[in-house]
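Enquirer: Count along the sequence shown starting at 1, add 41, and that's the number in this note's numbering. Yeah, the Cβ is synthetic: ideal placement off N, Cα and C, and Gly gets one too. For clarity, every value in this text was computed on a predicted model and none was experimentally measured.
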Amino acid sequence: MNIFITGASGFIGGAIAAELCKKHSIRAMSRSERSDARLKELGVEPVRCSLGDVPVDALKNADIIIHCAAFVGPWGSKQDFWQGNVEGTDQILQAAKQAGVKRFIHIGTEAAFFAGKDMVQIDESYPYPPKNPYLYGSTKQEAEKRVLAANEPGFETIVLRPRLVWGPGDTSVLPVMKRMVEEGKFMWVNHGRAKTSTTCIPNLVHAVELALTSGQPGQAYFITDGEDHTFKDFLTKMLGTQNVDLPSKSVPGFLASGLARIVEGTWRIFGIKSEPPLMRFPTDLMARECTIKIDRARRELGYAPVISVQQGLDAMRKSGSA
């Protein structure tokens, strides 16, 4: 197949591109010479364009688009998130239709459903919250809605929703946590007691490979490792693979959330562009349970995790990860 990938210079898109180029012809969005070089190393042909400005001609020979690129922040204006996640997705959807692409696979997130409350053993029947207070989640929700609404005969759309993607090569969660520990800024929220599902990168890549030919058009699928752990257990083990010890100090969830709101509000009032030391979304996320069922993915995609959490941890330890 001929496949076009956005976000292939990042952790998730890069892992997907590296695996799929073994069997398929892959082209990918690239915004710089550095990205060009990274993609060529993977065996991927770079196409110079940017999110929100993908030319139709770049997609004309593509059978499938895998849309991984997004504005994840963690800090930015409403316009930053809207332009990156909603307008960027909308533009490539329209370009894909014009180019005659047959299937569009969108990498979504459970954050589209998170409104600051526990989400316990949720599945695809779980409703969108009427109001999402977090810019990342609200704009990813809108992007996902547009992807699913674009499904029509001849143009199939599918959404995959991983939760807390991690594993060898992690350039998102792991580096941020390492830096927080080094700077003495890391604290548990509620002692890390909240439970969470996770998605090791090989499991997500496997789900994407299945979605090339499987899955019901116009549907979304949660993808996880099929295991649940407390934040404290999982993060302690993940950072332990890098010989990083997490401190024991903790702050109550209500206090952390309240302080984060004050800090964010101050930053926005004064137009401070640097990242605040405390933010609502990650703080609230760590305080709440998010456990997810993957029955639909098992049934309709034929998905089953190809690697366990322990095997993923072992792989991180051996690789040295990020």
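With 16 other CB atoms within 10 Å as the buried threshold, where does Glu-151 fall?
Expert: Translated into positions along the sequence shown, residue 151 becomes position 110. So Glu-151 ends up on the buried side.
Enquirer: Taking just the CA atoms, how far does Val-127 sit from Ser-91?
Expert: Here residue 91 refers to the residue found at position 50 when the sequence shown is read from its first residue. Here residue 127 refers to the residue found at position 86 when the sequence shown is read from its first residue. When rounded, the distance between both Cα atoms is 14 angstroms.
Enquirer: Tell me the DSSP secondary structure of Gln-162 in three-state form.
Expert: Stepping through the sequence shown from its first residue, residue 162 is reached at position 121. Of the three classes helix, strand and coil, the one that applies to Gln-162 here is strand, per DSSP.
Enquirer: What does the Cβ neighbour count give for Pro-168, buried or exposed, with the cut at 16 atoms within 10 Å?
Expert: Locating residue 168 in the sequence shown gives position 127, counting from the first residue. Classification of Pro-168: exposed, given that the 10 Å Cβ count is below 16.
Enquirer: What runs of the beta strand (DSSP E), each 3 residues or longer, lie entirely inside the stretch 209-263?
Expert: Those beta strand (DSSP E) runs which fall completely within the stretch 209-263 and span 3+ residues are 236-238.
Enquirer: Since Pro-323 and Val-304 should fall inside the 8 angstroms C-beta cutoff, what is the C-beta to C-beta distance between them, to a whole number of angstroms?
Expert: Start at 1 with the first residue of the sequence shown, and residue 323 comes out as number 282. Start at 1 with the first residue of the sequence shown, and residue 304 comes out as number 263. Their Cβ separation, rounded to whole angstroms, is 12 angstroms, which puts Pro-323 and Val-304 out of contact at 8 angstroms.
Enquirer: Which whole-angstrom value is the C-beta distance of Ala-301 and Met-320, which I expect to be below 8 angstroms?
Expert: The sequence position of residue 301 within the sequence shown is 260, counting from 1. The sequence position of residue 320 within the sequence shown is 279, counting from 1. Sure, about 6 angstroms apart at Cβ, within 8 angstroms.
Enquirer: Quick one, which of Glu-193, Arg-72, Val-142 has its alpha-carbon nearest Asp-94's?
Expert: The sequence position of residue 94 within the sequence shown is 53, counting from 1. The shortest C-alpha separation from Asp-94 is found at Arg-72.
Enquirer: So which of Cys-331, Leu-287, Glu-316, Val-246 has the shortest CA-CA distance to Ala-345?
Expert: One-based indexing of the sequence shown puts residue 345 at position 304. It is Val-246.
Enquirer: Using the three-state DSSP reduction, which class does Ser-123 fall into: helix, strand or coil?
Expert: The residue given as residue 123 occupies position 82 in the sequence shown. The sequence as given places Trp at residue 123; Ser does not occur at that position. Of the three classes helix, strand and coil, the one that applies to Trp-123 here is helix, per DSSP.
Enquirer: Indicate whether the contact test is met: 3 or more Cβ pairs, each with one atom in the stretch 214-233 and one in the stretch 154-167, closer than 8 angstroms.
Expert: Result no; under three Cβ-Cβ pairs closer than 8 angstroms.
Enquirer: In the structure shown, what three-state DSSP assignment does Asp-266 receive?
Expert: Within the sequence shown, the letter at position 225 stands for residue 266. Reduced to three states, the DSSP call for Asp-266 is coil.
Enquirer: What residues are listed by DSSP as bridge partners for Ala-69?
Expert: Reading the sequence shown from its first residue, position 28 is the one you call residue 69. Answer is Ile-46, Pro-87, bridged to Ala-69.
Enquirer: Could you tell me whether the stretch 263-278 touches the stretch 224-236, where touching means 3 or more Cβ pairs closer than 8 angstroms?
Expert: Counting Cβ pairs under 8 angstroms, three or more are found: they touch.
Enquirer: Per DSSP, Ser-291 forms a beta bridge with which residues?
Expert: Residue mapping note: residue 291 aligns to position 250 of the sequence shown, counting from 1. Paired residue(s): Trp-229.
Enquirer: Should Glu-197 be labelled buried (16 or more other beta-carbon atoms within 10 Å of its own) or exposed?
Expert: Position 156 of the sequence shown, counted from the start, is the residue given in the question as residue 197. Counting Cβ neighbours within 10 Å, Glu-197 comes out buried, since at least 16 surround it.
Enquirer: On the CB-based measure, 16 or more other CB atoms within 10 Å of its CB, does Glu-193 come out buried or exposed?
Expert: Here residue 193 refers to the residue found at position 152 of the sequence shown. When all chains shown are included, Glu-193 counts as exposed.
Enquirer: Within a Cβ cutoff of 6 angstroms, which residues of the same chain sit near Pro-258, ignoring the five residues on either side of it in sequence?
Expert: The residue labelled residue 258 in the question sits at position 217 within the sequence shown. These residues qualify, in order along the chain: Asn-192, Glu-197.
Enquirer: Under 8 angstroms by Cβ, that's how I've got Thr-47 and Gly-54 pegged, so tell me the actual separation to the nearest angstrom.
Expert: Here the question's residue 47 lines up with position 6 in the sequence shown. Here the question's residue 54 lines up with position 13 in the sequence shown. About 7 angstroms; that satisfies the 8 angstroms criterion.
Enquirer: Which word fits Asn-102, buried or exposed, when buried means at least 16 other C-beta atoms lie within 10 angstroms of its C-beta?
Expert: As a working mapping, residue 102 is identified with position 61 in the sequence shown. Per the 10 Å Cβ criterion, exposed.
Enquirer: Hey, Ala-261 and Glu-185: beta-carbon distance below 8 angstroms or not?
Expert: Your numbering for residue 261 matches position 220 in the sequence shown. Your numbering for residue 185 matches position 144 in the sequence shown. Going by C-beta atoms, Ala-261 is nearer than 8 angstroms to Glu-185.
Enquirer: The alpha helix (DSSP H) spanning Phe-52 covers which residue range?
Expert: The residue given as residue 52 occupies position 11 in the sequence shown. Looking at the DSSP string, the run of the alpha helix (DSSP H) that includes Phe-52 is 52-61.
Enquirer: Pick from Thr-180, Arg-79, Val-97, Ser-213: whose alpha carbon is nearest that of Gln-132?
Expert: Your numbering for residue 132 matches position 91 in the sequence shown. It is Val-97 whose Cα lies nearest to the Cα of Gln-132.
Enquirer: Note down, in chain order, each residue of its chain lying with its Cβ closer than 6 angstroms to the Cβ of Ser-360, except the 5 sequence neighbours on either side.
Expert: Position 319 of the sequence shown, counted from the first residue, corresponds to residue 360. So the list reads Pro-209, once near-sequence residues are dropped.
Enquirer: In this structure, does DSSP put Val-206 in helix, strand or coil?
Expert: Start at 1 with the first residue of the sequence shown, and residue 206 comes out as number 165. DSSP places Val-206 in strand when its eight states are reduced to three.
Enquirer: Inspect the beta-carbon positions of Arg-75 and Ile-105 and report whether they are closer than 8 angstroms.
Expert: Looking up residue 75 in the sequence shown gives position 34. Looking up residue 105 in the sequence shown gives position 64. No. Outside cutoff.
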